[in-house]
Amino acid sequence: MDLDSATHDLRAHLGDFLGGNRPDGVFHVQTGGPGSVPALTDLDTPELHLDLLPETPTDDQQATLRRLGYIGNGPHWTHPGGWRLIISDHGSGWRAEQAALQGVLCHDPHAARAYRAAFTAGGRDHADHALRSAALAHHARTVGLTPARQVARLLAPLDAPWMIAAGVALDLHLGVTARPHDDLDVILPRETQARLPDLLRGWRLDASIHGTYRPYAAPLDPPHFQIHARHPDLSGVLMLDLMLSDLSGGLWHYRRDPRITLPLERARCVSPEGLPYLAPEAVLLFKAGSAARPPRGKDEQDYQRVQPTLTAPARAWLRGALTLTSPGHPWLTGLE
Numbered sequence: 004m005d006l007d008s009a010t011h012d013l014r015a016h017l018g019d020f021l022g023g024n025r026p027d028g029v030f031h032v033q034t035g036g037p038g039s040v041p042a043l044t045d046l047d048t049p050e051l052h053l054d055l056l057p058e059t060p061t062d063d064q065q066a067t068l069r070r071l072g073y074i075g076n077g078p079h080w081t082h083p084g085g086w087r088l089i090i091s092d093h094g095s096g097w098r099a100e101q102a103a104l105q106g107v108l109c110h111d112p113h114a115a116r117a118y119r120a121a122f123t124a125g126g127r128d129h130a131d132h133a134l135r136s137a138a139l140a141h142h143a144r145t146v147g148l149t150p151a152r153q154v155a156r157l158l159a160p161l162d163a164p165w166m167i168a169a170g171v172a173l174d175l176h177l178g179v180t181a182r183p184h185d186d187l188d189v190i191l192p193r194e195t196q197a198r199l200p201d202l203l204r205g206w207r208l209d210a211s212i213h214g215t216y217r218p219y220a221a222p223l224d225p226p227h228f229q230i231h232a233r234h235p236d237l238s239g240v241l242m243l244d245l246m247l248s249d250l251s252g253g254l255w256h257y258r259r260d261p262r263i264t265l266p267l268e269r270a271r272c273v274s275p276e277g278l279p280y281l282a283p284e285a286v287l288l289f290k291a292g293s294a295a296r297p298p299r300g301k302d303e304q305d306y307q308r309v310q311p312t313l314t315a316p317a318r319a320w321l322r323g324a325l326t327l328t329s330p331g332h333p334w335l336t337g338l339e
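Our numbering puts the sequence shown at residues 4 to 339.
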């Protein structure tokens, strides 16, 4: 069996989340690992990197993997056909980092040779770490802000204060690509959604409704706010994550707590090349998590990168917002 057939079997037997109307199943799967790189096939076993819902495989899902011939448990599995299956940690950014690593190994012979030497000296984790900077530099050159520029062209006819959010917004704030990203988050005023089918003609649009997919059809009413948009020409990320937001009254309203707002003129920043993005203090408020969910690994790393760059007013606003929503949050000490 080849990896394409294995991918088909995973979707067929675990269920295809993208097929809609189900809360679980395969969200994404891609080949990866050094064994999937043509110059390194003798070095290690090829891998399938699986994004599965729910994030922790259920007993039934693990039983299904065993029926397909996989041996293992939790996130790590092997198959007698000659490949490994790794279930990605959604909050770590690992999948996107592995895609960036594969990109540099496939396109840079010098990087592939350096990886081989590091792998031989210290194994897989050592080699991944040794090539991390080269992978990020290659990703920044070949992908970088390309998805953001692409969406800016698509949304240019929209006479509304849309803006890029999440990790890419922090890249725009920092002026560098700090890490690879799984998707590109975009904030849109809720009242503009009727224009999306025309602006994104030819794209697949799915609405996330109570944790399941349905084909998007306007209007998407509160509390639902999320539309996932996919197109084969979208470069470097899996999808656009379009988030319908309340930007009324000249204010950005924090979706998770209506008590928290920020003047829109301060919430909406613009990069030197004209890309609009959500202010870093507002991005970090989302990334701070909640009392029930601490910051994910990649969000903690984003905070450590960005916190020293915040202005005094931005630090004060974020400190006030966290004090209101998450008293005792570990980030509060660093914002004093």
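From the three backbone atoms N, C-alpha and C, an ideal C-beta is built for every residue, glycine too.
Remember, predicted model here, so these are calculated numbers, not experimental data.
| field | Nearest candidate by alpha-carbon position, reference Lys-301, set Pro-57, Val-29, His-93 and Leu-46 | value | His-93
| message | Which residue marks the beginning of the beta strand (DSSP E) containing Glu-50, and which one marks its end? | response | 50-56
| request: On the DSSP bridge assignment, give the partners of Val-146 in chain order. | output: In the DSSP output, where bridge partners are listed per residue, Val-146 has none listed.
| With respect to the alpha helix (DSSP H) encompassing His-31, which residues constitute its N-terminal and C-terminal limits? | No alpha helix (DSSP H) holds His-31; the beta strand (DSSP E) holding it covers 28-35.
| Quick one: what does DSSP say His-184 is sitting in, helix, strand or coil? | coil
| field | Pro-112 versus Asn-76 - alpha carbon distance | value | Straight through space, the alpha carbons of Asn-76 and Pro-112 are spaced by roughly 35 Å.
| field | Cutoff 7 Å; reference Tyr-219; Cβ partners in own chain excluding five residues on either side | value | Leu-208, Asp-209, Ala-210 and Ile-230
| task | Rounded to whole angstroms, what's the CA-CA distance from Arg-122 to Arg-135? Just pull it up for me. | result | In the sequence on display, residue 122 carries Phe and not Arg. The C-alpha of Phe-122 lies about 13 Å from the C-alpha of Arg-135.
| query | Distance, Cα to Cα, Gly-331 vs Leu-243? | reply | 33 Å
| query | If you draw a straight line from the C-alpha of Thr-149 to the C-alpha of Thr-59, how long is it? | reply | 32 Å
| said: Residues in the same chain with beta-carbon distance under 6 Å from Asp-19, minus the five sequence neighbours each way, listed in chain order, please. | reply: Gly-28 and Val-29
| field | Between the CA atoms of Gly-125 and Ala-172 - distance to the nearest angstrom | value | 36 Å
| said: Please classify Thr-195 as buried or exposed, where buried requires at least 16 other C-beta atoms within 10 Å of its C-beta. | reply: With 16 or more neighbouring CB atoms inside 10 Å of its own CB, Thr-195 falls in the buried class.
| said: If you reduce the DSSP assignment to three classes, tell me which class Thr-81 lands in. | reply: strand
| If we count the other Cβ atoms within 10 Å of its Cβ and call it buried at 16 or more, is His-213 buried or exposed? | Label assigned to His-213: exposed.
| query | Below 8 Å between beta carbons: does that hold for Ala-99 and His-184? | reply | yes
| said: Please report the distance separating the alpha-carbon of Gly-170 from that of Trp-97. | reply: Gly-170 and Trp-97 have their C-alpha atoms spaced approximately 14 Å apart.
| Got a sec, what are the start and stop residues for the beta strand (DSSP E) Val-273 sits in? | 271-273
| request: Put Ala-210 into one of helix, strand or coil per three-state DSSP. | output: strand
| field | Where Trp-165 sits in the DSSP three-state scheme | value | coil
| request: With a threshold of 16 other CB atoms inside 10 Å of the CB of Glu-339, please say whether the residue is buried or exposed. | output: exposed
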